[in-house]
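The sequence shown runs 57 to 262 under our numbering.
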Amino acid sequence: MKKLVILALVLTATALQVNAAGDAAAGKNKAAACGACHGTDGNSVSGQFPKLAGQNASYIAAQLSNFKSGKRQNPIMSGQAASLSDQDIQDVAAYFSGQTIQTGEADAGELKQGEALFRSGNKDESVPACLACHSQDGSGNYLMKVPALAGQHHEYVVAQLQAYAAGTRSTDPNKMMETIASRLTPAEMQAVASYIEGLHAAKPQP
Numbered sequence: 057m058k059k060l061v062i063l064a065l066v067l068t069a070t071a072l073q074v075n076a077a078g079d080a081a082a083g084k085n086k087a088a089a090c091g092a093c094h095g096t097d098g099n100s101v102s103g104q105f106p107k108l109a110g111q112n113a114s115y116i117a118a119q120l121s122n123f124k125s126g127k128r129q130n131p132i133m134s135g136q137a138a139s140l141s142d143q144d145i146q147d148v149a150a151y152f153s154g155q156t157i158q159t160g161e162a163d164a165g166e167l168k169q170g171e172a173l174f175r176s177g178n179k180d181e182s183v184p185a186c187l188a189c190h191s192q193d194g195s196g197n198y199l200m201k202v203p204a205l206a207g208q209h210h211e212y213v214v215a216q217l218q219a220y221a222a223g224t225r226s227t228d229p230n231k232m233m234e235t236i237a238s239r240l241t242p243a244e245m246q247a248v249a250s251y252i253e254g255l256h257a258a259k260p261q262p
């Protein structure tokens with residue numbers, strides 16, 4: 057019991073340190089250039105670009121660092137991230153994390169299959185439930201840098217699942233998402249992505 061209490065205190069202290077790393081007010085100014093694609097408040101209009109509003113700050117920071125280092129490749133984002141300092145990254149992440157995402161609606165025809173995949177997975181194909189890592193309401197996991205999914209454009213979710221399945225995106229720990237995505241059919245990708253777009257999540261940690 058004593059060890060569990062100590063562990064809890066360590067995790068709490070770590071979370072507070074990470075939360076304190078970014079300055080949302082400073083991030084608003086630094087994120088001005090991001091608005092052209094992602095929207096000034098992080099709610100992008102086009103499904104080509106992900107919504108950043110309400111996203112876990114730890115995940116945003118991790119991905120910006122990946123783009124900056126070249127670990128994750130994208131012609132636009134690599135150039136944008138190249139000039140950002142570590143503090144800039146934390147500030148931008150804090151700003152977008154504090155915004156409210158505008159969720160969409162799931163396609164009625166894909167809702168049942170999408171919800172089943174998100175909540176139960178597909179045992180026949182060894183596909184785990186999405187909620188195992190991304191949480192029951194799609195808010196992700198801050199400490200593990202797992203992204204929030206709720207409300208994200210279904211087009212973007214499908215594109216990322218396809219990238220994982222093809223191996224062109226490989227920033228996930230132990231290739232977990234690559235393995236899972238490779239076991240999904242195109243129809244399953246569309247269904248779970250549609251369900252995710254209409255999913256509402258509790259406000260994540262900043």
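The beta carbon of each residue, even a glycine, is placed where N, CA and C say it ideally should be. Nothing here was measured: the structure is a model prediction, and the numbers come from that model.
So, with DSSP's three-state summary, where would you put residue i?
i, result
"Val183", "strand"
"Ala69", "Any reading at Ala69 must be qualified, since the residue scores a pLDDT of 38, below 50, and its modelled position is unreliable; the value itself is stated next. Correct three-state label for Ala69: helix."
"Asn197", "strand"
Let's see if you can read the secondary structure: which residues bound the alpha helix (DSSP H) around residue i?
i, result
"Lys84", "Ala80 to Lys86"
"Cys93", "Gly91 to His94"
"Lys168", "Leu167 to Ser176"
"Asp144", "Asp142 to Ser153"
"Thr159", "Thr159 -> no alpha helix (DSSP H), and no H or E assigned at all."
"Asn122", "Ala113 to Ser125"
"Ala221", "His210 to Ala222"
"Pro242", "Pro242 to Glu253"
Hey, out of the options, whose CA is closest to residue i's CA?
i, options, result
"Lys212", "Cys90, Gln104, Gly95 and Ala87", "In the sequence as presented, Lys is not what sits at residue 212; that position holds Tyr. The shortest Cα separation from Tyr212 among Cys90, Gln104, Gly95 and Ala87 belongs to Gln104."
"Lys201", "Ile252, Gly98, Glu181 and Ala149", "Ala149"
"Gln180", "Arg239, Ser100, Ala88 and Ser250", "Residue 180 is actually Asp in this sequence, not Gln. If we check each option's Cα against that of Asp180, Arg239 comes out closest."
"Ala215", "Arg128, Arg225 and Gly207", "Arg225"
"Ala82", "Ser139, Asp147 and Gly98", "Asp147"
"Ala188", "Glu244, Asn99, Gly254 and Met233", "Met233"
"Thr96", "Phe152, Leu255, Ile132 and Ser182", "Phe152"
Mind reading off the beta-carbon distance from residue i to residue j? Whole number of angstroms is fine, and I expect it under 8 Å.
i, j, result
"Lys107", "Ile157", "6 Å"
"Ala206", "Ser195", "6 Å"
"Asn112", "Tyr198", "5 Å"
Within this structure, are the beta carbons of residue i and residue j separated by less than 8 Å?
i, j, result
"Thr235", "Lys127", "no"
"Asp270", "Lys86", "The first residue shown for the chain is 57 and the last is 262, placing residue 270 beyond what the model contains."
"Leu173", "Val248", "yes"
Any beta-carbon of chain C closer than 8 Å to the one on residue i?
i, result
"Asn178", "Protein chains in the displayed structure number just one, and chain C is not present."
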